[in-house]
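The structure under discussion appears below in the form of structure tokens.
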């Protein structure tokens, strides 16, 4: 019960602190909205043609979801670590019973809640604006929840690593953009593998497994199609989450 | 008296810069110890060494165990320049920190203790500097600790608030809480502490009861004469004198001799603007022992040291 109480306290504090930053909240939800409007409604997909956006609208659902699962945890957790360090909050927390794993778990739960909502909004917009024929069954919805949760945990871990090694909030933002943008476009999200060089090892990107899994369940409605990608994503998430927690500053 | 905190030969370096050199001290149960010293003397580094938030050499034990293994319910730390979530209210912040412990004090009582009951619903960022510091002090009290370590707790607090906080700390000490406090306020150190330690250049140069320090290092009482005082008047006085830009200081004048000295000054035609007499105090001890030393131990106060330590976490 102790750990649950501590994670609960950290979750409550982090949730309130985030929700009271109106600009951050606005852009967390505005970002996926503008992405869908630009690519889904303005650019639009042209199945059968050449170049980008030639797949059916359903193909890009994984990419749109990847945007929020990737960018928000990286920048939010990274910045939060930098803020904590600059305010000597970790120095204080090091003398309380809260462990670094518990701190990161609480931050991850806040991100899962926020990104879950943003993902729902995004999914609805994709269906309405692009006419994507997403197959939603109980199994596929459950699988989507699992992918979003595990994906968020993975990138919260990476965000914690960035925040721990970058020397300022500005550094965190620059580093997270430098990592997130290449990952987003080289992970079978918006650009199909056929348009990428054959030698490019997209399988090295954890986001590739997110894309493959989400695409599989939103296409077939069968959770079984996503077992392998989800398993790979979970293993990578465990590694980055633990690494991120261990890297959190404890000393000066 | 049980030893709550033991530090032996604590050393800490950042690159080639030595921040702490063989610092040793002990705190017994219910004792209040104040650490004073110039900016950069090593006070914050020592606090970090004692709480295990910096990697120092030497032996440190809190309640008989290493700082990182200690029962965290028993200690309360206020770090220097501590800045919690700025968009939580004072009450929410205390509830947050209370939630990190299995057992905690009633938050409303802690708010009352630090004088924040009326402003408990205000966001931290909208509180005054003194109220913010009191909120931070409150955050160290929520777990009812046996050992309080406070790094400059009264910085930014107005005199009334400072006195309230002193009374609170005195009450805690009376109830058996052991307190280590760093401060630049000599009045605070004298009033609160059973013993005062003076840190300079990373060394603990003196440690004793405030009155004992004053007796040993405080020198003599001083009569300060401000105004246009000619240095030739010194020869007419039977006391040691020193001249500053603002006037003259006459040392060793007992209270009953003040009148005679003043008459001598007037007979010598000194046209003074003001006279003040002071007994030796901790500030005199501080000046005697630290003089014009330039500190080097606190990273936050020393850009060179901060740069040297920049690669560490």
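Chains as they are written, first to last, in this note's numbering: chain A, 389 to 640; chain B, -2 to 310. For each residue, glycine too, the CB sits at the ideal point set by N, CA and C.
Counted within 10 angstroms of its Cβ, other Cβ atoms place residue i as buried (16 or more) or exposed
i	result
residue 218(B)	buried
residue 432(A)	exposed
residue 410(A)	exposed
residue 40(B)	buried
residue 392(A)	exposed
residue 491(A)	buried
residue 416(A)	buried
residue 565(A)	exposed
residue 243(B)	exposed
residue 426(A)	exposed
residue 407(A)	exposed
residue 593(A)	buried
residue 613(A)	buried
residue 95(B)	buried
residue 164(B)	exposed
residue 292(B)	With a pLDDT of only 40 at residue 292(B), under 50, the local geometry of the prediction cannot be trusted, and the value read off the model is given with reservation. Answer is buried; the Cβ neighbour count reaches 16.
residue 43(B)	buried
residue 528(A)	buried
residue 586(A)	exposed
residue 627(A)	exposed
residue 556(A)	exposed
residue 521(A)	exposed
residue 60(B)	buried
Secondary structure of residue i, DSSP reduced to three states
i	result
residue 264(B)	helix
residue 591(A)	helix
residue 499(A)	helix
residue 287(B)	helix
residue 203(B)	strand
residue 627(A)	helix
residue 456(A)	helix
residue 554(A)	coil
residue 36(B)	coil
residue 222(B)	strand
residue 59(B)	strand
residue 19(B)	strand
residue 427(A)	helix
residue 6(B)	strand
residue 522(A)	coil
residue 475(A)	coil
residue 649(A)	Outside the modelled stretch of chain A, which goes from 389 to 640, sits residue 649(A), for which no answer is possible.
residue 184(B)	helix
residue 14(B)	strand
residue 196(B)	strand
residue 154(B)	coil
residue 540(A)	helix
residue 601(A)	helix
residue 586(A)	coil
residue 53(B)	coil
residue 31(B)	strand
Whole-angstrom C-beta distance between residue j and residue i, which should lie under 8 Å
i	j	result
residue 176(B)	residue 196(B)	No, residue 176(B) and residue 196(B) are not in contact; Cβ-Cβ is about 17 Å, not under 8 Å.
residue 488(A)	residue 624(A)	With a Cβ gap of about 19 Å, residue 488(A) and residue 624(A) do not count as contacting.
residue 450(A)	residue 577(A)	6 Å
residue 590(A)	residue 580(A)	In fact, because the Cβ distance is near 10 Å, the residues do not count as touching under 8 Å.
residue 476(A)	residue 87(B)	No, residue 476(A) and residue 87(B) are not in contact; Cβ-Cβ is about 18 Å, not under 8 Å.
residue 551(A)	residue 540(A)	Between residue 540(A) and residue 551(A) the Cβ distance is about 16 Å, and since that is not below 8 Å, they are no contact.
residue 421(A)	residue 513(A)	6 Å
residue 180(B)	residue 281(B)	In fact, because the Cβ distance is near 17 Å, the residues do not count as touching under 8 Å.
residue 336(A)	residue 595(A)	No answer is possible for residue 336(A): the residues shown for chain A start at 389 and end at 640.
residue 80(B)	residue 139(B)	That belief does not hold up - the Cβ atoms of residue 80(B) and residue 139(B) are roughly 18 Å apart, past 8 Å.
residue 403(A)	residue 498(A)	5 Å
residue 553(A)	residue 462(A)	Not quite, the Cβ-Cβ distance comes to about 13 Å (not below 8 Å), so this is no contact.
residue 448(A)	residue 510(A)	11 Å between Cβ atoms; not a contact.
residue 144(B)	residue 2(B)	7 Å
residue 549(A)	residue 632(A)	5 Å
Cβ pair count under 8 Å reaching 3, the stretch 48 to 56 of chain B against the stretch 205 to 221 of chain B: no
Completely contained alpha helix (DSSP H) runs for the stretch 63 to 151 of chain B, where each covers 4 or more residues: 87 to 95, 104 to 110 and 126 to 138
Contiguous alpha helix (DSSP H) assignments of at least 4 residues, all confined to the stretch 233 to 281 of chain B: The qualifying runs are 255 to 264.
The stretch 163 to 177 of chain B contacting the stretch 7 to 15 of chain B, beta-carbon criterion three pairs below 8 Å: no
The stretch 141 to 160 of chain B touching the stretch 244 to 254 of chain B, judged by at least three CB pairs closer than 8 Å: no
The stretch 106 to 113 of chain B touching the stretch 178 to 194 of chain B, judged by at least three CB pairs closer than 8 Å: Judged by Cβ distances under 8 Å, the stretch 106 to 113 of chain B makes no contact with the stretch 178 to 194 of chain B, as fewer than three pairs qualify.
Cβ pair count under 8 Å reaching 3, the stretch 188 to 207 of chain B against the stretch 230 to 245 of chain B: Look at the beta carbons and you see the stretch 188 to 207 of chain B not touching the stretch 230 to 245 of chain B: under three pairs across the two are nearer than 8 Å.
contact_flag[the stretch 113 to 129 of chain B, the stretch 496 to 507 of chain A] where n(CB pairs < 8 Å) is 3 or more: The stretch 113 to 129 of chain B and the stretch 496 to 507 of chain A do not touch, with fewer than 3 CB-CB distances between them shorter than 8 Å.
Residues within the stretch 476 to 493 of chain A neighbouring chain C, beta-carbon criterion of under 7 Å: Of the chains in the structure shown, none is chain C; the protein chains are A and B.
At least 3 beta-carbon pairs within less than 8 Å: the stretch 219 to 231 of chain B vs the stretch 263 to 275 of chain B: yes
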